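Engineer:
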Amino acid sequence: MGRKKLEIKRIENKSSRQVTFSKRRNGLIEKARQLSVLCDASVALLVVSASGKLYNFSSGDNLVKILDRYGKQHAADDLKALDPQSETLKYGSHHELLELVESKLVESNSDVSVDSLVQLEDHLETALSVTRARKTELMLKLVDSLKEKEKLLKEENQGLASQMEKNNLAGAEADKTEMSLGIISDINRLVTLPLLY
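So for the sequence shown, the working numbering puts the first residue at 21; every next one is plus one.
(1) Using the C-alpha atoms, what's the distance from E157 back to S35?
(2) Go ahead and label V84 buried or exposed: buried means 16 or more other beta carbons lie within 10 angstroms of its beta carbon, across all protein chains shown.
(3) Between the alpha carbons of E176 and S69, how many angstroms are there, rounded?
(4) Enumerate in chain order the residues of its own chain whose CB-to-CB distance from S165 is below 8 Å, with the five nearest sequence positions on each side excluded.
(5) In this structure, does DSSP put A52 in helix, strand or coil?
(6) Going by beta-carbon coordinates alone, are R45 and Y75 separated by less than 9 Å?
(7) Compare the beta carbon distance of G91 and T146 with 9 Å and say whether it is the shorter of the two.
(8) Would you say A64 and I28 are within 9 Å of each other, going by their C-beta atoms?
(9) Measure the Cβ-Cβ separation of I31 and T40 and say whether it is below 9 Å.
(10) Got a sec, what are the start and stop residues for the beta strand (DSSP E) N76 sits in?
Structure representation (structure tokens):
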């Protein structure tokens with residue numbers, strides 16, 4: 021008895037959709053882990069649920085490092101894909117880039133639908149919110165680490181200040197002792213002088 025083929029379309033029942041999402045997400049993460057182990061590949065996986073919750077997986081390399089490598093490669097590929105005429109726009113202003121996008125949309129007017137534009141907008145908003153959340157998280161971690169560093173430096177400063185104060189007190193005591201020893205030796209010299217008759 022085999023499995024029946026599942027038609028790939030949106031699952032209408034919310035609980036079934038959530039269960040399917042959870043199972044398939046875990047399966048996808050397991051496949052990514054297997055790929056990284058079997059092929060010694062750097063794998064990064066990001067999954068954003070319908071509720072906006074972010075799930076990620078990365079193999080041996082740090083997720084941020086893998087995404088940075090992807091960003092650099094993707095930017096290089098995009099520059100290669102540009103025609104020589106529009107390659108000069110990579111240094112152009114924001115307005116010029118918007119004009120380029122608009123001209124590309126006008127050229128391929130028959131291929132672009134409102135639904136695809138709405139979907140693209142949703143993707144961009146999701147990516148922007150994820151980026152903002154990550155940036156906020158990184159900034160909070162940086163603030164926490166700087167506060168911890170400040171605390172350690174204050175403790176070290178207090179320790180050095182107390183040590184310096186002890187050294188100053190010890191130096192003052194040594195000076196007093198040296199002075200008192202000098203007076204005693206002067207008195208002894210007076211005592212040891214021969215008496216003249």
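C-beta: ideal position from N, C-alpha, C; glycine also.
None of the values given here were measured: they were computed from a predicted structure.
Structural biologist: In terms of the structure at hand:
(1) 31 Å
(2) exposed
(3) 47 Å
(4) none
(5) helix
(6) yes
(7) no
(8) no
(9) yes
(10) 74-78
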